[in-house]
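Line by line, the protein sequences are chains A and B.
Following my numbering, the numbering of the first sequence begins with 341 at its first residue and continues without gaps.
Following my numbering, the numbering of the second sequence begins with 19 at its first residue and continues without gaps.
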Amino acid sequence: MRNRRSWFLLLMGVLVAILALVTFGCGGEDEEGKETPKATAGEGDLAPPDQQKIVVQSGEPEFFDPHRSNFEQDIAVERMLYRGLYQLGLTDSGEVEAVPAMAAGEPTVNGSVYTVKLKSGLKWSDGQPLTAKDFEYGMKRECSPEVAGPYQYLLGETILNIVGCDDYFNSGEKTPEEQAALRDEMGVKAVDDTTLEITLGLPKTTFTTIMSLWAAFPARQDVIEKYGDKWTDPGNFVGNGPFILTEFVPKDHVTLKPNPNWALEPKPELQEITVKFIDDTEVAFRAFQTGELDMTLIPAAEIPTVEGSDTLKSQYLKVSAGRIWSVEMQMNNEVIKNPDVRLALSRAIDRETLVKVVYNDAYVAANYWLVEGIPGYQGNGPFESIIGYDPEAAKKALADAGYPDGKGFPTLKITSLDRPDRKAEAEFLQKSWKEILGINVDIEAVDAKTRSQAFNSKSFELFPGGWQIDYPDPENPLIGLFDTGGGNNQYECSDPDIDAKLKAASTETDNDKRIKLLQEAETLIVTRLCGAAPIYQTAMPYLVNSKIGGVRANGSLDAAMPGNWCPECWFVKAQ
Amino acid sequence: MLAYIIRRLLWLIPVLWAVATITFILMHLVPGGPFTQEKKLPEAIVAALNRRYSLDQPLWRQYLTYLWNILHFDFGLSFRGDRDVSELIRDGFFVTAQLGVLAFIVAAVVGVVLGVVSALNHNGFFDYVGVFFATAGASLPNFVLASFLIVIFAVKLGWFQVLGWGGPTQFSDALDPGAWDIKKMVLPVIAVSTLPAAYIARVTRASMLEVMNQDYIRTARAKGLTQYAVIMRHTIKNAMIPVLTIMGPIAAVLVTGSFIIEQTFAIPGVGRAFVDAVIRRDYAMIMGATLFYTGVVAFANLAVDILYAVFDPRIRYK
Chain A
341 MRNRRSWFLL LMGVLVAILA LVTFGCGGED EEGKETPKAT AGEGDLAPPD QQKIVVQSGE
401 PEFFDPHRSN FEQDIAVERM LYRGLYQLGL TDSGEVEAVP AMAAGEPTVN GSVYTVKLKS
461 GLKWSDGQPL TAKDFEYGMK RECSPEVAGP YQYLLGETIL NIVGCDDYFN SGEKTPEEQA
521 ALRDEMGVKA VDDTTLEITL GLPKTTFTTI MSLWAAFPAR QDVIEKYGDK WTDPGNFVGN
581 GPFILTEFVP KDHVTLKPNP NWALEPKPEL QEITVKFIDD TEVAFRAFQT GELDMTLIPA
641 AEIPTVEGSD TLKSQYLKVS AGRIWSVEMQ MNNEVIKNPD VRLALSRAID RETLVKVVYN
701 DAYVAANYWL VEGIPGYQGN GPFESIIGYD PEAAKKALAD AGYPDGKGFP TLKITSLDRP
761 DRKAEAEFLQ KSWKEILGIN VDIEAVDAKT RSQAFNSKSF ELFPGGWQID YPDPENPLIG
821 LFDTGGGNNQ YECSDPDIDA KLKAASTETD NDKRIKLLQE AETLIVTRLC GAAPIYQTAM
881 PYLVNSKIGG VRANGSLDAA MPGNWCPECW FVKAQ
Chain B
19 MLAYIIRRLL WLIPVLWAVA TITFILMHLV PGGPFTQEKK LPEAIVAALN RRYSLDQPLW
79 RQYLTYLWNI LHFDFGLSFR GDRDVSELIR DGFFVTAQLG VLAFIVAAVV GVVLGVVSAL
139 NHNGFFDYVG VFFATAGASL PNFVLASFLI VIFAVKLGWF QVLGWGGPTQ FSDALDPGAW
199 DIKKMVLPVI AVSTLPAAYI ARVTRASMLE VMNQDYIRTA RAKGLTQYAV IMRHTIKNAM
259 IPVLTIMGPI AAVLVTGSFI IEQTFAIPGV GRAFVDAVIR RDYAMIMGAT LFYTGVVAFA
319 NLAVDILYAV FDPRIRYK
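Right under this line is the structure:
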């Protein structure tokens, strides 16, 4: 009897583990990266300070430490807590640009040495002076092997190429003395309190944009050395953004209050922002309806509910996001490597209907790769007639590939996230290909990590996936994604013409010529369907309580609430 | 009895070891690790992260290190924010247990009362009401019930709130009276307690009906005991044995939390934390939570076995 019970306990434990590992292996997808807000004044009358409090929804950040952050929800909150030398904003004509934030103006460029002057009199939230040394420390920290920052490559050779950043980062096996020497050799130097000198391997036209990102945020050496990994805990926290972190309850919320030493205009009107951690936007949607949330992302499935209600409709705000979505195709596959097969698959997808039936038109049908909102956007125009929906052309392409009416075509596998909307998307593709091309695909629906693992190990055939831009520049969604051997080129696109364009673009110092080269690369990638057939660009459907003013998009195309707007511009209107 | 309890507790050690080992193996067999993501991290960054978290060590060494650490009650750090796993489980369990205990009390009271009333009113009006509740409650999944409750009582009527837990969410706030908000407690408690209440009601009713037909009940009546004495002293007490048997596992399930209910009401409990940990391959948190669950289930079963002896004098442990 006792023996049997022990076995029962053992069995229970194992069952719990197996059930959790297998059954619940679905849900939240791992996703990334983001940008800065621009200070713009709000409109309307202000409510008194005691009413200047709002509650907003977000996924739970892992860290509030910008140099360790990997996910959009982390970076979204960090945008409220810190600010870089530059920040992103929109020009009057609606184009995204990096404008000075902590910097006093544009950098002085001498070859590949960039000198940035800081505004004078800057302070941290605790009143201590904010100097060029803090930026030097912050960037060196991002390149530190001990910190192991997931976005180190933004400062490393892959993107900005600060001299010595990669050497320092890859020195994990070396002695502390050797590491210190490599750190000192890095091309970031505070010449004096307000002058920072950054040496790059090559001149870089996107310098100010990269300097607006979290990887280049300043950090306080004394605070970090005193508190170690606990330096962002309430009470220890020191920042230079419009808000400070005053309370943190893991799994539940953080509370932010205005930073009394915030250097830029406007000064925050909000006296308190509570960021509630809610991954399930369906839950958040109901909490918005009960008045417990003032701002939230909502599921696309609820858009008809929102549009059917006058009160909700007036609070609905759709913001374009910098994510392109596609059917990624493994070019090493014997069948898929035939360009006519890829053309047939692409031309059989009715993108307009897909975004309508699966996403209630929350997204925009796309035949392009460079998203709307970044320089170099070409839109559907050049591509729709070549790869867009056309059943007859699709059938012809499949016949040209040697499979008339799908005869002899093997069954391919499509690997999708095990989430209702993504499964519906995969079923839509499956049905389209069956009906138009007469071919079969099997759907394999898996959890986020299994899906990513399949992608990174290149063990997939067809894979709905895409790219969320880290910063609004056309190099970000291209370089490393479509060049032969690129770190994110898991579909094995390998085309000498594309390689040549991307290589030329990465060393081109004339910005207009550089963007032209990147557009030409996009044209080759899309028309040759080199690894990906674009299907839509996402947008983020939000509900924003009508009592809140000053909420506007700033062109940074963030996918996370609430980082892509200027939080210091938000205010509660007088009722 | 004491020797029995000590023996049972000692048995827990090999059980926990086996669970830890099997979970460790399964966890590393599942595709993808904590740093696997669609936007692949460069090799150098993954190498630096692995070094930071000692994942660059061979698996057998990670396993031995883990066992050594848990012997010292060090459950490691969650990859999410480097927070201490024991603190996360403690705080999560603190919330889940409040919900679980409240739901258990509601389920036990409602279930037993309904079951007893149904049995005493066998084939009468209250019996049908009780059976209807028991059947409906058992067949309605708790997330469906939760959605109905939310839409009707929170969204339409505005009586209750749906976001977060209405009790203290961190152990350190336990004594803060300002941390209690009953408007946020009612719906999750109802959603969690309905199914177990229905189950307890069915078992209570069936058990009562069976006991009421026993010879000793007839004897009790024959010797002239009042109806009250017969029911309270002889019927209910004896009918409670099968009810107690199911209450152990019910208590264990309730205090370890429901992922779906915690997700639906955004409650920062341990059930949600565990499932999140699996989704994110947060190794230390998966291990810590699995061991914690095993311990809770073991103690719940032990408690039931001890209660048997209390309620049924025929049961003696050696």
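Here a beta-carbon is modelled for each residue, glycine too, at the ideal position from N, C-alpha and C.
Hey, residue i and residue j: beta-carbon distance below 8 angstroms or not?
i: residue 706 of chain A; j: residue 664 of chain A; result: yes
i: residue 698 of chain A; j: residue 761 of chain A; result: yes
i: residue 218 of chain B; j: residue 137 of chain B; result: no
i: residue 268 of chain B; j: residue 214 of chain B; result: yes
i: residue 320 of chain A; j: residue 457 of chain A; result: Limits of chain A in this structure are 341 at one end and 915 at the other, which puts residue 320 of chain A out of reach.
i: residue 609 of chain A; j: residue 392 of chain A; result: yes
i: residue 766 of chain A; j: residue 684 of chain A; result: no
i: residue 832 of chain A; j: residue 871 of chain A; result: yes
i: residue 225 of chain B; j: residue 273 of chain B; result: no
i: residue 777 of chain A; j: residue 688 of chain A; result: yes
i: residue 634 of chain A; j: residue 888 of chain A; result: yes
i: residue 444 of chain A; j: residue 661 of chain A; result: no
i: residue 133 of chain B; j: residue 222 of chain B; result: yes
i: residue 823 of chain A; j: residue 785 of chain A; result: no
i: residue 426 of chain A; j: residue 417 of chain A; result: no
Closest Cβ-Cβ distance between residue i and chain A: below 8 angstroms?
i: residue 114 of chain B; result: no
i: residue 57 of chain B; result: yes
i: residue 236 of chain B; result: no
i: residue 291 of chain B; result: yes
i: residue 321 of chain B; result: no
i: residue 206 of chain B; result: no
i: residue 101 of chain B; result: yes
i: residue 28 of chain B; result: no
i: residue 260 of chain B; result: no
i: residue 263 of chain B; result: no
i: residue 66 of chain B; result: yes
Go to residue i, then tell me how far its beta strand (DSSP E) extends in each direction, as first and last residue.
i: residue 593 of chain A; result: 593-598
i: residue 658 of chain A; result: 656-669
i: residue 256 of chain B; result: From DSSP, residue 256 of chain B is part of no beta strand (DSSP E) but of the alpha helix (DSSP H) over 255-274.
i: residue 430 of chain A; result: 426-430
i: residue 756 of chain A; result: 752-757
i: residue 880 of chain A; result: 872-884
i: residue 782 of chain A; result: 781-786
i: residue 635 of chain A; result: 635-637
i: residue 440 of chain A; result: 436-440
Check the Cβ of residue i against every Cβ in chain C and list those closer than 7 angstroms, keeping chain order.
i: residue 299 of chain B; result: Absent from the structure: chain C. Protein chains present are A and B.
Using a beta-carbon distance below 8 angstroms, is residue i in contact with chain B?
i: residue 409 of chain A; result: no
i: residue 541 of chain A; result: no
i: residue 928 of chain A; result: Here chain A covers residues 341 to 915 and nothing more, so residue 928 of chain A does not appear.
i: residue 402 of chain A; result: yes
i: residue 493 of chain A; result: yes
i: residue 652 of chain A; result: no
i: residue 627 of chain A; result: yes
i: residue 630 of chain A; result: yes
i: residue 367 of chain A; result: A caution first: residue 367 of chain A carries a pLDDT of 33, below 50, which makes its placement in the model too unreliable to give a value.
i: residue 528 of chain A; result: no
i: residue 766 of chain A; result: no
i: residue 590 of chain A; result: yes
Starting from residue i, trace the alpha helix (DSSP H) both ways and give me its first and last residue.
i: residue 210 of chain B; result: 204-230
At least three beta-carbon pairs within less than 8 angstroms, the stretch 508-515 of chain A to the stretch 57-73 of chain B: yes
Meets three-Cβ-pair contact criterion under 8 angstroms: the stretch 541-552 of chain A and the stretch 461-468 of chain A: no
The stretch 179-188 of chain B touching the stretch 147-160 of chain B, judged by at least three CB pairs closer than 8 angstroms: no
Alpha helix (DSSP H) segments (min. 4 residues) lying fully within the stretch 153-179 of chain B: 160-167
Touching by the beta-carbon criterion (3+ pairs, under 8 angstroms), the stretch 652-671 of chain A and the stretch 796-810 of chain A: yes
Length at least 4, wholly inside the stretch 494-559 of chain A: the alpha helix (DSSP H) runs in chain order: 505-509, 516-525, 547-551
contact_flag[the stretch 571-580 of chain A, the stretch 490-499 of chain A] where n(CB pairs < 8 angstroms) is 3 or more: no
Any alpha helix (DSSP H) of 4 or more consecutive residues that is wholly inside the stretch 278-333 of chain B: 288-297, 301-329
Meets three-Cβ-pair contact criterion under 8 angstroms: the stretch 617-630 of chain A and the stretch 309-322 of chain B: no
Given 8 angstroms, three or more beta-carbon pairs between the stretch 46-53 of chain B and the stretch 64-77 of chain B: yes
Alpha helix (DSSP H) runs wholly inside the stretch 455-501 of chain A, at least 4 long, in chain order: 472-482
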